[in-house]
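Some notes on the structure that comes next.
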Amino acid sequence: MVASEGTVTPTIIDDPANITGHWLQRILEANGHDVEITSISREAVGTGQMAHNERYKILYAGDTDGPASVVIKFPSPSEESRAAGASGGYRNEVNFYLELAPDLDVVVPDCLYGAVTEDSSAFTLILEDLAPARQGDQIAGGTDDQILIAAENLAGLHAPRWGDPTLGDIEWLQASGGDAIAYVELFTPMFIERYDARLSDDAKRVFTEFGAKVGNWIDREPSVHTLVHGDYRLDNLMFASAYGGAPVSAVDWQTVGVAAGGRDLGYLLGNSADADDRRRHEPEALDRYRAAMTAAGVDLSADDVMAQYRHGTFQGPFITMLGSIAVGQTDRGDDMFMAMAERSAAQIVDLEALDVIS
111 MVASEGTVTP
121 TIIDDPANIT
131 GHWLQRILEA
141 NGHDVEITSI
151 SREAVGTGQM
161 AHNERYKILY
171 AGDTDGPASV
181 VIKFPSPSEE
191 SRAAGASGGY
201 RNEVNFYLEL
211 APDLDVVVPD
221 CLYGAVTEDS
231 SAFTLILEDL
241 APARQGDQIA
251 GGTDDQILIA
261 AENLAGLHAP
271 RWGDPTLGDI
281 EWLQASGGDA
291 IAYVELFTPM
301 FIERYDARLS
311 DDAKRVFTEF
321 GAKVGNWIDR
331 EPSVHTLVHG
341 DYRLDNLMFA
351 SAYGGAPVSA
361 VDWQTVGVAA
371 GGRDLGYLLG
381 NSADADDRRR
391 HEPEALDRYR
401 AAMTAAGVDL
411 SADDVMAQYR
421 HGTFQGPFIT
431 MLGSIAVGQT
441 DRGDDMFMAM
451 AERSAAQIVD
461 LEALDVIS
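Just so you know, the sequence shown maps onto residues 111 to 468 in the working numbering.
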């Protein structure tokens, strides 16, 4: 349940140290919990690029049905990353949880509270703590099982709003085209110059050609659109651990938009494992996605899915270049972006997807 503005006056707290037990108690009460909080403690969690997450452990007086912990999201402490989030990402994520998530079947954490400033520069988002589920590892890559269940989970996002013309009526939900052409043309030479010593010749060739022909990618996108996550990858997925948790849950909805569903599918498979592993599980992942979409009422042929998938492979270079240049540079971030660049380039070469934009 999301606390209504009439129950809890919207407050934006962008410093984790300023969260108090009293304020958090009011949020929990607005969500139907009869609680008295005696103390809270916090620890940083996750590896977010544009935002910062903290887990708040909660102690209560007496027996209660209140959660033992919650995760609260804040703007990034990095000025560069915070500026990237302020361009619309913070607004998108809060509004996704408040307005869209309740009517979708994709597995996401429950939202207890969300508020964002009008200029999207600051926000507060309180979410269900998904522990003992664990975050995927973008650099190490995922297991076949993780990637297969993540592909199935996408149907819960794509199917409910597949081809829905009313998505265009949601003012804050920008289409995923927008200024993409200008950004990609600007960022491609910057990206290749920054990472020249670490990029393979194939990756340089694929990224350079994408930068030159991004307009064709936008123009030739499959015509049926839906809600897309936009950054549906391992670091933004939580998986069950040996101690429990849902099989998979999707988090970090700052890049939610309207586009062809193949963008999420191509991006997931292209960035989640090295080429040999992807080649092994790729056919089954496409089959499982198609079956899940059919079960949800969207009848797609194998050719439909492959066409969406090949076009969607370029979401890899698109997000990798924009993300690496827009957010603050870190050693882990560089390692992650290089893994994503090489994996997505190999995927594009394997599928001869450059033909799609030629």
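Heads up, the beta-carbon is just placed ideally off N, CA and C, and yes, glycines get one too. Here the structure is a predicted model, which means the values were calculated and not measured.
Residue i, buried or exposed, once every other Cβ within 10 Å from all chains shown has been counted against 16
i: residue 162; result: buried
i: residue 148; result: exposed
i: residue 116; result: Residue placement at residue 116 is flagged as unreliable, the pLDDT there being 40, under the threshold of 50; a coordinate-derived value is accordingly withheld.
i: residue 465; result: exposed
i: residue 308; result: exposed
i: residue 229; result: exposed
i: residue 439; result: exposed
i: residue 446; result: buried
i: residue 111; result: Residue placement at residue 111 is poorly supported in this model, since its pLDDT is 36, which falls under 50; the coordinates are not used for a value here.
i: residue 354; result: exposed
i: residue 370; result: buried
i: residue 121; result: exposed
i: residue 381; result: buried
i: residue 298; result: buried
i: residue 234; result: buried
Residue i vs residue j beta-carbon contact at 9 angstroms
i: residue 372; j: residue 420; result: yes
i: residue 425; j: residue 344; result: no
i: residue 455; j: residue 315; result: yes
i: residue 269; j: residue 124; result: no
i: residue 216; j: residue 141; result: no
i: residue 391; j: residue 257; result: yes
i: residue 336; j: residue 273; result: yes
i: residue 260; j: residue 251; result: no
i: residue 402; j: residue 196; result: no
i: residue 199; j: residue 404; result: no
i: residue 181; j: residue 155; result: yes
i: residue 317; j: residue 431; result: yes
i: residue 360; j: residue 347; result: yes
i: residue 301; j: residue 428; result: no
i: residue 341; j: residue 362; result: yes
i: residue 220; j: residue 238; result: yes
i: residue 291; j: residue 328; result: yes
i: residue 150; j: residue 138; result: no
i: residue 356; j: residue 243; result: yes
i: residue 152; j: residue 165; result: yes
i: residue 436; j: residue 194; result: yes
i: residue 350; j: residue 338; result: no
Residues bridged to residue i (per DSSP)
i: residue 354; result: 351
i: residue 137; result: Partner(s): none; residue 137 has no beta bridge.
i: residue 233; result: 226
i: residue 360; result: 347
i: residue 337; result: 368
i: residue 152; result: 166
Candidates the options, of which the one nearest residue i by Cα
i: residue 385; options: 197, 179, 459; result: 459
i: residue 145; options: 175, 354, 387, 370; result: 175
i: residue 468; options: 380, 389, 325, 429; result: 325
i: residue 313; options: 428, 362, 170, 451; result: 451
i: residue 368; options: 355, 207, 194, 333; result: 333
i: residue 208; options: 370, 236, 415, 302; result: 236
i: residue 412; options: 423, 422, 400; result: 400
i: residue 225; options: 204, 241, 214; result: 204
i: residue 191; options: 304, 227, 160; result: 160
i: residue 280; options: 210, 130, 461, 153; result: 210
i: residue 378; options: 294, 437, 310, 422; result: 422
i: residue 484; options: 351, 135, 417, 201; result: For residue 484 there is no data in the structure shown, the boundaries of the chain being 111 and 468.
i: residue 442; options: 247, 121, 222, 194; result: 247
i: residue 434; options: 172, 303, 351, 416; result: 303
i: residue 389; options: 453, 351, 298; result: 453
i: residue 463; options: 436, 167, 417; result: 417
i: residue 322; options: 294, 311, 172; result: 294
Unbroken alpha helix (DSSP H) runs of length 4 or more, entirely within the segment 386 to 413: which are they?
none
Could you tell me which whole beta strand (DSSP E) segments of length 3 or greater appear in the segment 237 to 274?
none
Would you list, in sequence order, the uninterrupted alpha helix (DSSP H) runs of no fewer than 4 residues that lie entirely inside the segment 155 to 199?
DSSP assignment within the segment 155 to 199 yields the following whole alpha helix (DSSP H) runs of 4 residues or more, N-terminal first: 189 to 194.
To test your reading of the DSSP string, which unbroken alpha helix (DSSP H) runs of 4 or more residues are found completely within the segment 437 to 468?
441 to 460, 464 to 467
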